[in-house]
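**Student:** If you count the sequence shown from 1, position 270 lands on 381 in the working numbering, and the numbers rise without skipping.
Structure incoming, see below.
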Amino acid sequence: MESLGFVTRYPPTHCGIAEYSKFLISALKFLNPQLKITVFTTDESFKEPYYDEMGIKVIPCFKRFEKDYSELIDAVSEEKVDVLHVQHEYGIFGFGREIIDALSELRDCVKANVITMHTVEHPYTARKGTLEFQKELNEVDAVIIHSDLQEFELLVQGVNPSKLHQIPHGTLINPYLGYTKQYLADSLGIKEGFRGLVLTIPGFMRKDKGVDVLLEALDIVGDLKLTLILAGEPKDEAVKELVESFKSKTILIERYLSSDEILKVVALADAVVLPYKDRPGAYAVSGILHLSMGGLKPIIGSRVPRLVELCQHSPWLTVPASNPEELAKRIRWLDKNYEFTVSYMHELYAYAAETQWVNVAHEHYKLYCYLLGKFKSIPKTLY
């Protein structure tokens, strides 16, 4: 394969899909340093083409919720990529079929096209247009999904099974695990001391993260010595006000955190808590879960589709969504049985090792080669 193009948001834009794309591209370059990769991205951060620190050419050539992809089509045609890979999220590309039409127009200059569906919508969704878009996925060469839930949902919606390829979200084994809490706190600008068990809920502070549920649970276990680190850019004023009024020991990092900084927060904490509330009718997986898994720490989370991997590999540490009483019970158990809980997590830690980014990149690379006719079938090696 000579060249690969990604259509995606890309850092420094503050976005989980942007971070995902950067991790995947970095791992692909590690596997094959000679691979030419070009990123076609939104014009939110830059207006002119540039090269990032990996030497990847980044071309801003479309807007978020674009209706006219002519500039993207021109840019891809000029770069002449062999495989064009769209990192699709409805919050980037909207609900219309414009990006599908753009891929169709590029058929003459691109040998194969791929879409990763980071969110798959169920018929219970309230977002109009998503199910119609998903019916159009048969027009692309391959559709990547991250979970069983996403794969089965697209199957029952009529997507050709031969086009569906389940490749898990990548995991980075945390490089800061050997560092002291003091060093990590200093590097994050944390001046306060810690009290007892240190819990964290990292990432954007939004309503769907269940911050209110966690704070209510911590009120229930108010007799325990605990420190909560809330680390991430506030996305909802009500959540911000709730956090700022919480009386127990809480450390706030109210800004956008890079993946590297989130890794430091996870390494600093004793455990991660993810009391998510999912939007009805949406199947996705959590990038924050994968960043947390790489920290090899206990993770308590809610039983929602976004945390399906946690439910599969560490079900006892999951609780019903929006249930502070059950969450409080798990936190109390964790405080009294920390070492046992770490031991219980071994299956999830094994999954974290299996889904390291280099292994996930290898699965992508095999798919690209198959689409270009280099394999008659995709090799079934296990990472």
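Cβ atoms here follow ideal geometry from the backbone N, Cα and C, with glycine treated the same way.
Exposed or buried, Y387, counting other C-beta atoms within 10 Å across all chains shown (16 or more means buried)?
**Tutor:** The sequence position of residue 387 within the sequence shown is 276, counting from 1. Classification for Y387: buried.
**Student:** Grouping DSSP H, G and I as helix and E and B as strand, with all else coil, what is H87?
**Tutor:** The structure shown does not extend to residue 87, since the chain spans only 112 to 494, so no value can be given for it.
**Student:** For Y394, report the span of its beta strand (DSSP E) as first-last.
**Tutor:** As a first step, residue 394 is located in the sequence shown; it is residue number 283 there, counting from the start. First-last of the beta strand (DSSP E) with Y394: 393–395.
**Student:** Could you tell me which whole alpha helix (DSSP H) segments of length 4 or greater appear in the stretch 298–348?
**Tutor:** Qualifying alpha helix (DSSP H) stretches, in chain order: 322–331.
**Student:** Cutting at 7 Å between CB atoms, please list the residues of its own chain near E247, excluding the five before and the five after it.
**Tutor:** By 1-based counting over the sequence shown, the position of residue 247 is 136. Excluding positions up to five away in sequence, the list reads R208, I211.
**Student:** Quick check: the Cα distance between C220 and E243, rounded to an integer number of angstroms?
**Tutor:** Numbered from 1 along the sequence shown, position 109 holds the residue referred to as residue 220. Numbered from 1 along the sequence shown, position 132 holds the residue referred to as residue 243. C220 and E243: Cα-Cα distance of roughly 27 Å.
**Student:** Jot down the residue ranges of each uninterrupted alpha helix (DSSP H) in the stretch 250–301, minimum 4 residues, whole runs only, in chain order.
**Tutor:** Listed in chain order, they are 259–267, 292–298.
**Student:** Using the three-state DSSP reduction, which class does Y494 fall into: helix, strand or coil?
**Tutor:** In the sequence shown, counting from the first residue as 1, residue 494 sits at position 383. Because the pLDDT at Y494 is just 48, under 50, the model does not fix this residue reliably, and the point stays unresolved.
**Student:** Please work out which residues of its chain come closer than 7 Å, Cβ to Cβ, to Y494, disregarding the five sequence neighbours upstream and downstream, and give them in chain order.
**Tutor:** Translated into the one-based positions of the sequence shown, residue 494 becomes position 383. In this prediction, Y494 scores a pLDDT of 48, lower than 50, which makes its location untrustworthy; the coordinate-derived value is nonetheless stated afterwards. Closer than 7 Å at Cβ, skipping near neighbours: E465, N470, H473.
**Student:** Would you call R218 buried or exposed, if buried means 16 or more other Cβ atoms sit within 10 Å of its Cβ?
**Tutor:** As a position in the sequence shown, residue 218 is number 107, starting the count at 1. Exposed: under 16 other Cβ atoms inside 10 Å.
**Student:** Taking the continuous alpha helix (DSSP H) assigned at E113, which residues delimit it?
**Tutor:** As a position in the sequence shown, residue 113 is number 2, starting the count at 1. No alpha helix (DSSP H) holds E113; DSSP gives it neither H nor E.
**Student:** Measure from the alpha carbon of P409 to the alpha carbon of each residue in N434, V396, G398, W444, then state which is nearest.
**Tutor:** Numbered from 1 along the sequence shown, position 298 holds the residue referred to as residue 409. The residue with the shortest Cα to Cα distance from P409 is W444.
**Student:** Considering just the uninterrupted stretch of the alpha helix (DSSP H) at L379, what are its terminal residues?
**Tutor:** Here residue 379 refers to the residue found at position 268 of the sequence shown. Element bounds for L379: 370–379.
**Student:** What are the boundary residues of the alpha helix (DSSP H) that F204 is part of?
**Tutor:** The count along the sequence shown starts at 1 and reaches residue 204 at position 93. Residues 201–204.
**Student:** Here's a check: name, in chain order, each residue in its chain whose Cβ is nearer than 8 Å to the Cβ of Y460, leaving out the five neighbours to either side.
**Tutor:** Residue 460 sits at position 349 when you count from the first residue of the sequence shown. M404, L407, listed in sequence order.
**Student:** When the Cα of A393 is compared with those of D252, N224, A237, which residue comes out closest?
**Tutor:** The count along the sequence shown starts at 1 and reaches residue 393 at position 282. Cα-wise, what sits closest to A393 is A237.
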